[in-house]
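Q:
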Amino acid sequence: MRRRLLAAVTGAMITLALVGCSAGRSTPSQESVTIPQPAYPQFKTYPSVLVKENVTFRRDGERRERLNVCQPQKKSDGDRAGIVLVHGGSWRAGDKSSPEYNSVCQWLASAGFVVFSLDYRLAPEFPFPDGLDDVKAAVRWVRSHADDYSVDPARIGAMGGSAGGNLVSMLGTAGHGSRAAGARVAAVAELSGPADLTTKGAELPNFIPLQLAYLKCEKLSDCASARKASPIYQVDVTDPPFFVGHSLNERIPLSQSEAFVKELRAHGVSTTFVTVRGSLHSIAMLGPNMKKRIVAFFHEHLDPI
């Protein structure tokens, strides 16, 4: 099954600090890059993309979890790679159909991927691991319905921002074995995701109550689920390639991503680390430069060899 590389997104000036270089999938990429802060993006829609809304991917009694599917209108010679998109919102808010995430869904589809943007159960009513279980269920659903959307079930990636970044990082670091089966994914792009929810990572006092509600704990010093919900403690050598993006002066401390990247690289995981000047958080970083890099990352790791 073959894929055509679609048109590139326009770039911007960059400042490079190379820690390594990529020579294909057999050589881990360990690139670190700092780029300028973009103007706050005006999220747009893409006429070349078809959107199917509110497809049920999980049922639990009366409750249903749903996703939106964004597909390129242009027919492909073979199956496309799929990307599961997970919204942010401090694990307690957010919506797959918000203008911002609707735009991100369509942008990725315009780059040649079939995108599945999902809602998941939210805290405090549904604490960890309920939301993560929904994200995993969505990946399994995409695999089981791959033929319906002309997706190659062996080539599924994930992207998320903020709390969604945490969830897709957990998805990427969970499990062992083939990245082409079950709830495993072949590539992860995460923006501003909290990587360490233990006391060691609690550097933002205003964020701690949100963590506690998500973890269903009264204090972080006595919270067994904090470590289990922290992707930095789940990393192993079987994890897929990661793209990590973080602003230098944003609400989630940069040290969270720096430590996560260090842990990924220590285990030999191919990791691209992009920092952005300024304070934009999560998908607000998605200017032309960042979009170009994320699309290139997914094509590198999800396109057929």
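Using our numbering, you'd call the opening residue of the sequence shown number 857 and step up by one each time.
Every residue gets a Cβ at the ideal spot worked out from N, C-alpha and C, and that includes glycine.
#1: Among Val995, Gly1038, Ser946, Asp989, which has the Cα closest to the Cα of Pro980?
#2: Going by other Cβ atoms of all chains shown within 10 Å of its Cβ, with 16 needed for buried, is Glu1191 buried or exposed?
#3: If I follow the unbroken alpha helix (DSSP H) through His1155, where does it start and stop?
#4: Could you tell me whether the stretch 962-982 touches the stretch 938-954, where touching means 3 or more Cβ pairs closer than 8 Å?
#5: Determine whether the beta carbon atoms of Asp1095 and Gly1028 lie at a separation below 7 Å.
#6: Who are the Cβ neighbours of Ser959 in its own chain at under 7 Å, not counting the five residues just before and after it?
#7: If you measure between the beta carbons of Gly1049 and Ser1025, is that distance less than 7 Å?
#8: Classify Gly1161: buried if its beta carbon has 16 or more other beta carbons within 10 angstroms, exposed otherwise.
#9: If you reduce the DSSP assignment to three classes, tell me which class Thr1055 lands in.
#10: Do Gly1031 and Phe1154 have their C-beta atoms closer together than 7 Å?
#11: Let me make sure I understand the geometry here. Which of Val1093, Lys1072, Asp1078 has the alpha-carbon closest to that of Thr1055?
#12: Using only the alpha-carbon positions, how far apart do Ser1135 and Pro1109 sit?
#13: Can you check the stretch 875-952 for any beta strand (DSSP E) of at least 3 residues that lies completely inside it and give the ranges in chain order?
#14: From the DSSP output, in three-state form, read off Ala993 for me.
#15: Report back the beta-carbon spacing between Val797 and Gln893 to the nearest angstrom; my notes put them in contact at under 8 Å.
#16: Give the secondary structure of Thr1131 by DSSP, where H, G and I count as helix, E and B as strand, and everything else as coil.
#17: Please classify Gly1020 as buried or exposed, where buried requires at least 16 neighbouring CB atoms within 10 angstroms.
#18: Return the chain-ordered ranges of every alpha helix (DSSP H) run that is complete within the stretch 1025-1075 and spans a minimum of 4 residues.
#19: Return the Cβ separation of Ala1039 and Arg996 in integer angstroms, given the expectation that the two are a contact with Cβ distance under 8 Å.
#20: Is it right to say Asn1022 is buried, meaning 16 or more other beta carbons lie within 10 angstroms of its own, or is it exposed?
#21: Have a look at Pro1061 and Ala895 and give me their C-alpha separation to the nearest angstrom.
#22: Do you know offhand how far Leu1076's Cα is from Phe913's?
#23: Determine the burial state of Ala937: buried for a count of at least 16 other Cβ atoms within 10 Å of its Cβ, exposed for fewer.
#24: Between the C-alpha atoms of Gly917 and Arg977, what's the straight-line distance to the nearest angstrom?
#25: If distances are taken between C-alpha atoms only, which option among Thr1128, His1137, Leu1142, Asn1145 comes closest to Glu1156?
#26: At what residues does the alpha helix (DSSP H) containing Arg1083 begin and finish?
#27: With 16 other CB atoms within 10 Å as the buried threshold, where does Leu1142 fall?
#28: Can you tell me where the beta strand (DSSP E) holding Ser973 begins and where it ends?
#29: Buried or exposed for Gly1101, please, with buried defined as at least 16 other CB atoms from any protein chain shown within 10 angstroms of its CB.
#30: Here's the rule I'm using: 16 or more other beta-carbon atoms within 10 Å means buried, otherwise exposed. How should Ser1103 be labelled?
#31: Pick helix, strand or coil for Gly987, following the three-state DSSP scheme.
#32: Using the DSSP secondary-structure output, state which residues sit across from His1102 in a beta bridge.
#33: Taking C-beta to C-beta, are Ile1150 and Ala1045 nearer than 7 Å?
A: In this structure, then:
#1: Ser946
#2: This structure cannot speak to residue 1191, because the chain is shown only from 857 to 1161.
#3: Residues 1144-1158.
#4: yes
#5: A contact, by the Cβ cut-off of 7 Å.
#6: Phe899, Lys900, Thr901
#7: Gly1049 is a Cβ neighbour of Ser1025, given a cutoff of 7 Å.
#8: The displayed chain sequence assigns Ile, not Gly, to residue 1161. It is exposed - the Cβ of Ile1161 has fewer than 16 other Cβ atoms within 10 Å.
#9: helix
#10: no
#11: Residue Asp1078 holds the alpha-carbon nearest to the alpha-carbon of Thr1055 among Val1093, Lys1072, Asp1078.
#12: If you take the alpha carbons of Ser1135 and Pro1109, they lie about 10 Å apart.
#13: 888-891, 905-916, 919-928, 936-942
#14: Of the three classes helix, strand and coil, the one that applies to Ala993 here is helix, per DSSP.
#15: There is simply no residue 797 to check, as the chain begins at 857 and stops at 1161 in what is shown.
#16: Strand at Thr1131.
#17: buried
#18: If only uninterrupted alpha helix (DSSP H) runs of at least 4 residues are considered, those enclosed by the stretch 1025-1075 are 1064-1071.
#19: Contact between Ala1039 and Arg996 holds: CB atoms are separated by about 5 Å, below the 8 Å threshold.
#20: buried
#21: 28 Å
#22: 33 Å
#23: That one is buried.
#24: 14 Å
#25: Thr1128
#26: It spans 1080-1084 - the alpha helix (DSSP H) in which Arg1083 sits, taken as one unbroken run.
#27: With 16 or more Cβ atoms within 10 Å of its Cβ, Leu1142 is classed as buried.
#28: In the DSSP annotation of this structure, the continuous segment of the beta strand (DSSP E) that includes Ser973 starts and ends at 970-974.
#29: buried
#30: buried
#31: helix
#32: DSSP links His1102 through a beta bridge to Thr1131.
#33: Yes, the Cβ-Cβ distance between Ile1150 and Ala1045 is below 7 Å.
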